[in-house]
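Per the numbering used here, the first sequence starts with residue 82, numbered consecutively.
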Amino acid sequence: MSNLVETAKIQLNELINKAISTAIKDGKLPEGEIPQFVIEIPSDTAHGDFATNIAMVSARAFHLAPKKIAEIICEEFDLSNSFFEKTEIAGPGFINFFLQKNWFANVVSDIISEGENYGRSDFGKGEKVMIEFVSANPTGPMHMGNARGGSIGDCLAAAMDWAGYKVHKEFYINDAGNQIAKFGNSLEARYLQIFKGEDVIEFPEDGYHGEDIKERAKGFAEIYGDKYVDAIAEERQKALINYALPLNIEKLRTDLKKYRIEFDEWFAESQLHASGAVMNVVEVLKNKNLAYEKDGAIWYKATEFGGEKDEVLVRANGFPTYFTADIAYHYNKFVVRGFDKCIDVWGADHHGHVARLKGAMNAIGLDGNKLDIVLMQLVNLTKDGEVVKMSKRTGKAITLSDLIEEIPIDAARFFFNMREPNSTLDFDLDLAVEESSKNPVYYVQYAHARICSILKNLEAEGIETSKTSLNNLELLTASEEIELIRILSRLTSEIIMAAKNYDPARLTHYIVDVATAFHSFYTTCHVRVPEKELMEARIELCKATRYVIKNVLTMIKVDAPEKMTNNKE
RNA sequence: GCGCUUGUAGCUCAGUUGGAUAGAGUAUCUGGCUACGAACCAGAGGGUCGGGGGUUCGAAUCCCUCCAAGCGCACCA
């Protein structure tokens, strides 16, 4: 697993520290702690391949002007046997470092040798991480928030997997509590309406009004007929739920699978109630004197753990709240199943719940800091520049299945992962179906297809592109070649950043950058050139680029085609 | 009212966690296919980083304040 960017930074860190200690020993710098400094990649390559601010941040400690410190440090550098060929002092006191050609050659040969594993690292050190996402309400179809959450959660899971975490993807099935009762009431009303008429049986105002409920009631009636019409309400509802819920969950599963998401586990809330885990939370809090009774309900002293007000654990009717079940669920994640870290992907409308849940985890003796919540803002679908609220076909809110019927799955997965989770997303339906340069999905896929096409053409001429030599890579010196390699070198770091910051949208940004650099290289540098050595070097660069594109697209589960099907005339 | 989040080019968004002259795409305009895919490339214009203070060598980034938008503040989830 190679990460030459990181290796170069480590090398620089050593060089700098060594140079300073030598300077101190020689009396050129006064004794003192070496302050925290950063090594970064300048935005403008004219400022070198790497730069450090050491001279600026240490000005105070050394009582010297930054430029003077930079001069002293630079005099002490020993660049032999390093990746670097020169340094310079610039601006207010930056020290800029310039890489040797062989570093770039090494990047390409490393990518070729790691192939479809290039980008993987052991950054996460095998830490057990659970990512819980989508967790759509099983009482109905999935909406755009679920679609976004699906893409973000799935891509984050891939990034963390590649970054060396042991990732477990989970869907939490909310198959208990109030919304299931409401589901039962709604099904019951639709079922009775079939036999008694819609004017006789009133539909509950707060029920689920969707067509899907009617369909389930109809399906139930086809099997059981009027058998439950005169049954007692509780039994009728139970039978309806037992029929409809598994079907709904199965529908979630198949819809998500179409969307290329498969979970390691589907965890049912009901099992936490059945096992007594939920009520156990109440007991634990009572024993810690953190729960009390009032108005027939049991309350948790949330104010003692940063809450603004106390929270109900068990309602006066004896049913525990969602909150209590959620505490039990996270206890299960950390203690029963032993995850080191848990990440929940939630809609931003649940943000008020974050501090509450973390506080409650602390209250029962867990560490709320080990739970990270990724909040994502809502999605605006737009068409012709207007926000689309409803589906034209159904007249209801657009569901995930509506969406993936209308636009390619590649586009859906890509678009939903283009923005940092915590910013609202405008999803342009016109753009998603457009097969043109404006559509970033095609732009990236086109780069991949182009590479495949070049290599195929060379093969047709009898050039075995799988057997070309890696010995000529230092011939890659054109600015477009260097720029492309520089970007390719970043992959491992990009994945680590995506994993560390819970920001998988970095991957889509990155891969667009790669495609841009490749197209630019392609236009300027012809691969099929008379000089055999140069041609071989460029073939290797193409292959390396292809791996990078392929690997990222594989992570985000977007197809990397060998040719674009041309739907234009 | 209190809390969380957001505010960067006409539009959609980046900005390497405090660095050098704030960048892409799109839209507008101008160039480039008788050699590997023009679904591409190159160039131009376009900015009070919401406003105002502060912190320091240095701020889109950190602090305060104001403005605007979204979302929360249930014995719903």
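All C-beta atoms, glycine included, are put in the ideal place defined by N, C-alpha and C. These figures come from a predicted structure and were not determined experimentally.
Pick helix, strand or coil for Cys623, following the three-state DSSP scheme.
For this step, residue 623 is matched to residue 542 along the first sequence. In the structure shown, Cys623 sits in a helix (DSSP, three-state: H, G or I).
Considering Cα atoms alone, identify which of Thr626, Gly278, Gly387, Met360 is closest to Ile379.
To locate residue 379, count along the first sequence from 1; it is residue 298. Residue Met360 is the option with its Cα nearest to Ile379.
Alpha carbon to alpha carbon, what distance is there between Ile532 and Met645?
In the first sequence, counting from the first residue as 1, residue 645 sits at position 564. In the first sequence, counting from the first residue as 1, residue 532 sits at position 451. For Met645 and Ile532, the distance between alpha carbons rounds to 12 Å.
Simplified DSSP state of Leu394, which is helix, strand or coil:
Taking the first sequence and counting its residues from 1, the one referred to as residue 394 is at position 313. Here Leu394 sits in strand by DSSP.
For Thr505, the nearest candidate out of Ile563, Asp430, Ile490, Arg567 (CA to CA):
If you number the first sequence from 1, residue 505 lands on position 424. Of the candidates Ile563, Asp430, Ile490, Arg567, the one whose C-alpha sits nearest the C-alpha of Thr505 is Asp430.
For Ile101, count neighbouring C-beta atoms within 10 Å of its own C-beta (all shown protein chains included) and say buried if the count is 16 or more, exposed if not.
For this step, residue 101 is matched to residue 20 along the first sequence. It counts as buried.
Around the C-beta of Met241, are 16 or more other C-beta atoms found within 10 angstroms, so that it is buried, or is it exposed?
Within the first sequence, numbered from 1, the residue matching residue 241 stands at position 160. Result: buried.
Cβ shell of Ala493 (< 8 Å), same chain only, five flanking positions each side left out:
The residue you call residue 493 lines up with position 412 of the first sequence. Excluding residues within five positions, the ones whose Cβ falls inside 8 Å are Ala228, Ser232, Tyr340, Leu484, Ile485, Ala513.
Complete runs of the beta strand (DSSP E) confined to the region 154–241 [at least 3 residues]:
165–171, 175–180, 209–213
Return the CA-CA distance between Val362 and Ala349, expressed in angstroms with no decimal places.
The residue you call residue 362 lines up with position 281 of the first sequence. The residue you call residue 349 lines up with position 268 of the first sequence. Going by the C-alpha atoms only, they are around 17 Å apart.
Straight-line gap, Lys209 to Leu554 (C-alpha atoms, nearest Å)
Looking up residue 209 in the first sequence gives position 128. Looking up residue 554 in the first sequence gives position 473. Roughly 40 Å between the two C-alpha positions.
From the DSSP output, which residues share a beta bridge with Trp243?
As a first step, residue 243 must be located in the first sequence, where it is residue number 162. DSSP, once it has assigned bridges, lists no residue as partnering Trp243.
Would you kindly work out how many angstroms separate the C-alpha atoms of Gly377 and Leu394, rounded to a whole number?
Within the first sequence, numbered from 1, the residue matching residue 377 stands at position 296. Within the first sequence, numbered from 1, the residue matching residue 394 stands at position 313. Near 11 Å, if we compare the C-alpha coordinates of Leu394 and Gly377.
Just reading off the beta strand (DSSP E) that Tyr340 is part of, what are its end residues?
The count along the first sequence starts at 1 and reaches residue 340 at position 259. Premise fails: Tyr340 is in no beta strand (DSSP E) and is neither H nor E.
Decide if Lys649 is buried, meaning its Cβ has at least 16 other Cβ atoms within 10 Å, or exposed.
Locating residue 649 in the first sequence gives position 568, counting from the first residue. At Lys649, the pLDDT of 41 sits below 50, so the modelled position is not reliable and the matter cannot be decided from this model.
Go to Thr133, then tell me how far its beta strand (DSSP E) extends in each direction, as first and last residue.
In the first sequence, residue 133 corresponds to position 52, counting from 1. That run of the beta strand (DSSP E) goes 131–133.
Please state whether the Cβ-Cβ distance between Thr658 and Ile620 is less than 8 Å.
Because the chain in this structure spans residues 82 to 650, residue 658 falls outside the shown range and cannot be described.
Mind checking who Tyr305 pairs with in its DSSP beta bridge?
Residue 305 sits at position 224 when you count from the first residue of the first sequence. None; Tyr305 has no bridge partner.
Where Pro401 sits in the DSSP three-state scheme:
Taking the first sequence and counting its residues from 1, the one referred to as residue 401 is at position 320. The answer is strand: DSSP assigns Pro401 an E or B state.
Using the rule of at least 16 other Cβ atoms within 10 Å of the residue's Cβ for burial, across every protein chain shown, is Gly200 buried or exposed?
Locating residue 200 in the first sequence gives position 119, where the first residue counts as 1. Gly200 comes out buried.
For Leu268, which of helix, strand or coil comes out of DSSP?
Indexing the first sequence from 1 puts residue 268 at position 187. DSSP places Leu268 in helix when its eight states are reduced to three.
Taking the alpha-carbon positions, what's the Phe664 to Gly196 distance?
Residue coverage of the chain in this structure runs from 82 to 650, which leaves residue 664 outside it and unanswerable.
Spatially closest choice to Lys375 from Ala436, Ala257, Asp407, Asp391, by CA coordinates
In the first sequence, residue 375 corresponds to position 294, counting from 1. The shortest Cα separation from Lys375 among Ala436, Ala257, Asp407, Asp391 belongs to Asp391.
Which of the three DSSP states is assigned to Asn461 in this structure?
Sequence index remark: in the first sequence, residue 461 carries index 380 (1-based). Here Asn461 sits in strand by DSSP.
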